[in-house]
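Colleague: Below are the structure tokens for one structure; questions will follow.
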Amino acid sequence: MNNKGQVLVLFVLLIPIIIILFALVIDLGFLSIEKRSISNNLSDAVTYYLNNIDETDISKRVKKLLNENLDNINIDIKEDEKSVEIIVSKEYKSIFNIFSKKDISITYKGFKDTNKVIKG
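Take the sequence shown: its letters are residues 977 to 1096, numbered as in our numbering.
Here is the structure:
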């Protein structure tokens, strides 16, 4: 008996599922890369803030630094006597509508007395 026709039908039925899975993996990879990029730049910005805390308009400089390195972000800086908290959020548009309008929001906090930076 010849099974060539059965294999062809099975292949035609499975190829769209395989393509969708590959696209999903690629999309999640891009999301991971975007999160890592924001996290690295934000960590550097908080460190820069703590090292140059005595400068005038340090908040404006940090915002400028983040805007130069990241596109289409919202920055919120909260300061008090002991710490600074910087929150960066960005809308991530994915290939699929499942993840569309997903907001990436990352927070880092830096302590002025110890110069310690933690992800919050």
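Don't be surprised by glycine CBs; every beta carbon is placed ideally from N, CA and C.
1) Got a sec? Which residues, its chain only, sit under 6 Å from V1060 by beta carbon, not counting five neighbours each side?
2) Kindly provide the ranges of any alpha helix (DSSP H) runs that are 4 or more residues long and lie completely inside the segment 983-1060, ordered along the chain.
3) Return yes when the Cβ of I1053 is within less than 9 Å of the Cβ of S1065, no when it is not.
4) What distance in whole Å lies between the Cβ atoms of N1017 and N1043, which are believed to be in contact at a cut-off of 8 Å?
5) What is the DSSP secondary structure of G1096, reduced to helix, strand or coil?
6) Between the C-alpha atoms of I1063 and I994, what's the straight-line distance to the nearest angstrom?
7) Throw me the rounded Cβ distance for the K1058 and K1088 pair, which I believe falls under 8 Å.
Modeller: In short, the structure shows the following:
1) Residue mapping note: residue 1060 aligns to position 84 of the sequence shown, counting from 1. Closer than 6 Å at Cβ, skipping near neighbours: Y1025, G1086.
2) 1034-1045
3) Residue numbering aside, residue 1065 sits at position 89 when the sequence shown is read from its first letter. Residue numbering aside, residue 1053 sits at position 77 when the sequence shown is read from its first letter. Against a cut-off of 9 Å, the Cβ pair of I1053 and S1065 comes out as no contact.
4) The residue labelled residue 1043 in the question sits at position 67 within the sequence shown. The residue labelled residue 1017 in the question sits at position 41 within the sequence shown. About 10 Å; that fails the 8 Å criterion.
5) Taking the sequence shown and counting its residues from 1, one reaches residue 1096 at position 120. Coil at G1096, not helix or strand.
6) Working through the sequence shown from its first residue, we reach residue 1063 at position 87. Working through the sequence shown from its first residue, we reach residue 994 at position 18. When rounded, the distance between both Cα atoms is 38 Å.
7) On the sequence shown, residue 1058 is found 82 positions in, with the first residue counted as 1. On the sequence shown, residue 1088 is found 112 positions in, with the first residue counted as 1. That belief holds up - the Cβ atoms of K1058 and K1088 are roughly 6 Å apart, short of 8 Å.
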